[in-house]
Ligand SMILES: Cc1cc2nc3c(=O)[nH]c(=O)nc-3n(C[C@H](O)[C@H](O)[C@H](O)COP(=O)(O)OP(=O)(O)OC[C@H]3O[C@@H](n4cnc5c(N)ncnc54)[C@H](O)[C@@H]3O)c2cc1C
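In our numbering, the protein residues as written are 37 to 499.
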């Protein structure tokens with residue numbers, strides 16, 4: 037007699053070991069299923085991974101921060117044995133420019149709404165009328181439960197706010213959370229982020245800054261946990277194609293481990309945890325082979341997502357020059373000054389010409405320029421706005437497809453592609469823009485759905 041589905045241990049393939057794939061793998065293993073992770077790169081972590089700088093210096097693939105509101109990510113870290121406080125430094129949210137204008141919030145305040153109101157009332161460079169207008173707008177958003185109609189952009193939503201508030205607050209918030217300017221960003225999604233970060237629970241607005249290379253914050257410990265609990269992890273192994281048979285373990289994957297020839301592997305269920313464009317390619321191979329209906333629009337939806345770049349310029353600065361620079365400094369950007377933030381890694385020092393130097397990371401969201409142009413402008417911006425000179429360029433990490441553009445009325449691909457094929461990742465339909473928390477929560481949901489009996493899986497994804 038066949039085993040009831042609810043009691044079966046499924047053999048699940050997870051394609052991709054970014055933060056979403058790691059979350060899916062831990063979730064499925066924790067629920068007692070057999071998991072095999074295939075990752076094309078030799079390092080896990082995807083867009084949020086550790087890379088090598090010069091002289092093997094570990095760098096992040098772009099400066100990343102987490103927020104206190106990243107509940108699922110922090111819970112997953114604990115589940116795999118990483119106490120967040122040991123690897124993340126908690127900082128108050130501070131969006132003030134070098135001249136002190138703008139919003140700063142107290143750290144870990146017990147009453148977030150009051151802390152936000154307090155920050156608004158104390159903001160420098162804004163008139164009382166500006167502050168009052170912003171407070172009233174925030175109260176209106178609270179009253180309407182942080183909702184608005186789907187066709188509204190952030191620009192429309194905030195059109196009545198004074199220009200100085202738009203320039204000092206809305207634009208930097210929008211660029212840092214969405215990597216897109218207000219005119220291109222979804223209003224309802226913006227309100228959701230504002231609600232969760234600024235008006236939800238104690239510490240939700242706090243910035244959590246990685247003190248160790250990104251790979252050590254979650255991806256490496258998560259995969260070690262998966263291996264220790266019986267899962268298999270294949271790094272440097274790209275999945276080339278998928279096909280589906282009608283017998284048991286219906287999914288066949290063609291996998292090419294780096295430097296060797298392609299092998300095939302069979303699994304009961306598959307989770308696509310690769311980026312949208314890769315997932316679209318794999319799903320298209322199924323449509324071409326007539327495994328799935330030709331009118332399945334999943335691959336089209338995934339392929340249609342517009343992408344935006346982020347550039348991070350890492351430089352070394354003489355310690356004496358940057359002594360007064362805070363850990364996170366907001367910067368006024370313009371056509372000639374592309375960075376919106378600089379992060380001062382005072383804990384990462386290097387002796388150069390006998391002088392201690394600190395690592396600085398300049399973040400240019402929605403980056404449009406070529407690398408060399410960007411670098412020259414960032415160095416000039418550092419001199420003009422922060423009076424920093426004698427900077428030594430380490431490397432600019434240019435991620436052309438850093439995040440999908442969270443536009444209004446966006447049609448994001450569903451997490452369920454077929455009854456036994458799921459997708460997860462920051463781009464999959466969900467409550468967040470392209471963030472680590474979006475990736476982790478979608479990975480968690482896919483891991484739950486792929487381990488449920490067929491009828492339960494659909495229910496899990498719809499909750
Ligand atoms: C420069 C930069 C700065 C950012 N800053 C922040 C920030 O401060 N805060 C924040 O919350 N978010 C930030 N983000 C966004 C965040 O990095 C992403 O939302 C998140 O990493 C996406 O994770 P993911 O698992 O969905 O996808 P990915 O990270 O893209 O992972 C997909 C994985 O699949 C693998 N893969 C692809 N194809 C195949 C295949 N055929 N076979 C096997 N494996 C495959 C890839 O190698 C990759 O490891 C930033 C992104 C960038 C690029």
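Backbone N, C-alpha and C fix where the C-beta goes; we use that ideal spot for every residue, glycine too. What you are looking at is a predicted structure, and each value in this text was computed from that prediction instead of being measured.
Complete beta strand (DSSP E) runs within the segment 133-220 (minimum length 3 residues, chain order): none
Verify whether the separation of the beta carbon atoms of residue 275 and residue 289 is less than 8 Å. In the chain shown, residue 275 corresponds to position 239, counting from 1. In the chain shown, residue 289 corresponds to position 253, counting from 1. Going by C-beta atoms, residue 275 is nearer than 8 Å to residue 289.
Local conformation of residue 497 per DSSP, three classes: Start at 1 with the first residue of the chain shown, and residue 497 comes out as number 461. In this predicted model, residue 497 has a pLDDT of only 47, less than 50, meaning its place in the structure is not dependable; the value taken from the coordinates is given anyway. Here residue 497 sits in helix by DSSP.
Determine the burial state of residue 166: buried for a count of at least 16 other Cβ atoms within 10 Å of its Cβ, exposed for fewer. Walking along the chain shown from the start, residue 166 turns up at place 130. With 16 or more Cβ atoms within 10 Å of its Cβ, residue 166 is classed as buried.
From the DSSP output, which residues share a beta bridge with residue 55? Residue mapping note: residue 55 aligns to position 19 of the chain shown, counting from 1. The partner list for residue 55 (beta bridge, DSSP) is empty, contrary to what the question assumes.
As a quick exercise: from 85, 109 and 115, pick the residue whose alpha carbon is nearest that of residue 66. Indexing the chain shown from 1 puts residue 66 at position 30. Per the Cα distances, 115.
CB of residue 211 within 8 Å of CB of residue 365, strictly: As a position in the chain shown, residue 211 is number 175, starting the count at 1. As a position in the chain shown, residue 365 is number 329, starting the count at 1. Cβ atoms of residue 211 and residue 365: not closer than 8 Å.
Can you list, in chain order, the residues of its chain with a C-beta nearer than 6 Å to that of residue 75? Leave out the 5 residues immediately preceding and following it. Within the chain shown, the letter at position 39 stands for residue 75. Answer for residue 75: 53 and 271, listed in chain order.
How about residue 98 and residue 435: are their beta carbons less than 8 Å apart? Residue numbering aside, residue 98 sits at position 62 when the chain shown is read from its first letter. Residue numbering aside, residue 435 sits at position 399 when the chain shown is read from its first letter. For the pair residue 98 and residue 435, the CB atoms are nearer than the 8 Å cut-off.
Where DSSP assigns a beta bridge to residue 293, which residues make up the other side? Counting from 1 along the chain shown, the entry for residue 293 is found at position 257. 273.
Host alpha helix (DSSP H) of residue 122 (start-end): Your numbering for residue 122 matches position 86 in the chain shown. That run of the alpha helix (DSSP H) goes 120-123.
Return the chain-ordered ranges of every beta strand (DSSP E) run that is complete within the segment 386-439 and spans a minimum of 3 residues. The beta strand (DSSP E) runs of length 3 or more contained entirely in the segment 386-439 are, from start to end of the chain, 391-401.
Would you mind working out which of 465, 222 and 147 sits nearest residue 450, comparing C-alpha positions? Stepping through the chain shown from its first residue, residue 450 is reached at position 414. Comparing Cα positions, the closest option is 465.
Spatial neighbours of residue 566 within its chain, please: CB distance less than 7 Å, with the 5 preceding and 5 following residues excluded, ordered by chain position. Outside the displayed span of the chain (37 to 499) sits residue 566, for which this structure offers no information.
Check whether residue 438 and residue 338 have beta carbons under 8 Å apart: The residue given as residue 438 occupies position 402 in the chain shown. The residue given as residue 338 occupies position 302 in the chain shown. Not closer than 8 Å, so no.
Could you tell me if residue 487 is buried or exposed, where buried requires 16 or more neighbouring beta carbons within 10 angstroms of its beta carbon? In the chain shown, the residue the question calls residue 487 occupies position 451. It counts as buried.
Kindly examine ligand 1 and report whether one of its heavy atoms sits closer than 7 Å to the Cβ of residue 48. On the chain shown, residue 48 is found 12 positions in, with the first residue counted as 1. No, Cβ of residue 48 sits at least 7 Å from all heavy atoms of ligand 1.
Is DSSP giving residue 349 helix, strand or coil here? Mapped onto the chain shown, residue 349 falls at position 313. Strand, per DSSP.
Please classify residue 261 as buried or exposed, where buried requires at least 16 other C-beta atoms within 10 Å of its C-beta. Working through the chain shown from its first residue, we reach residue 261 at position 225. Buried: at least 16 other Cβ atoms inside 10 Å.
CA-to-CA distance, residue 243 to residue 230, given in whole angstroms: By one-based count along the chain shown, residue 230 stands at place 194. By one-based count along the chain shown, residue 243 stands at place 207. Distance between the alpha carbons of residue 230 and residue 243: 14 Å.
State the beta-bridge partners of residue 381 as determined by DSSP. One-based indexing of the chain shown puts residue 381 at position 345. Its beta-bridge partners are 395.
In three-state terms, what does DSSP make of residue 373? Position 337 of the chain shown, counted from the first residue, corresponds to residue 373. In the structure shown, residue 373 sits in a strand (DSSP, three-state: E or B).
Proximity to residue 283 [Cα-Cα], best of 82, 180 and 304: Residue numbering aside, residue 283 sits at position 247 when the chain shown is read from its first letter. Minimum Cα distance to residue 283 is reached at 304.
Reducing DSSP to helix, strand and coil, say where residue 50 ends up. As a working note, residue 50 is residue 14 in the chain shown. Correct three-state label for residue 50: strand.
Can you grab the Cα-Cα spacing for the pair residue 132 / residue 156, in whole Å? Within the chain shown, residue 132 is the residue found at index 96, counting from 1. Within the chain shown, residue 156 is the residue found at index 120, counting from 1. Rounded to the nearest angstrom, the two C-alpha atoms are 12 Å apart.
Regarding residue 350 and ligand 1, is the C-beta to nearest heavy atom distance less than 7 Å? Taking the first residue of the chain shown as position 1, residue 350 is located at position 314. For ligand 1, not one heavy atom lies less than 7 Å from the Cβ of residue 350.
Just curious, the beta strand (DSSP E) that residue 94 is in, first and last residue? Walking along the chain shown from the start, residue 94 turns up at place 58. Residue 94 -> beta strand (DSSP E) spans 94-96.
If you pair each beta-carbon of the segment 138-154 with each one of the segment 410-425, do three or more pairs fall below 8 Å? no
For residue 231, name the three-state secondary structure that DSSP assigns. The count along the chain shown starts at 1 and reaches residue 231 at position 195. Helix, per DSSP.
One question on the structure: do residue 201 and residue 164 come within less than 8 Å of each other, judged by their Cβ atoms? Taking the chain shown and counting its residues from 1, one reaches residue 201 at position 165. Taking the chain shown and counting its residues from 1, one reaches residue 164 at position 128. Their beta carbons are not under 8 Å apart, which means residue 201 does not touch residue 164 by this criterion.
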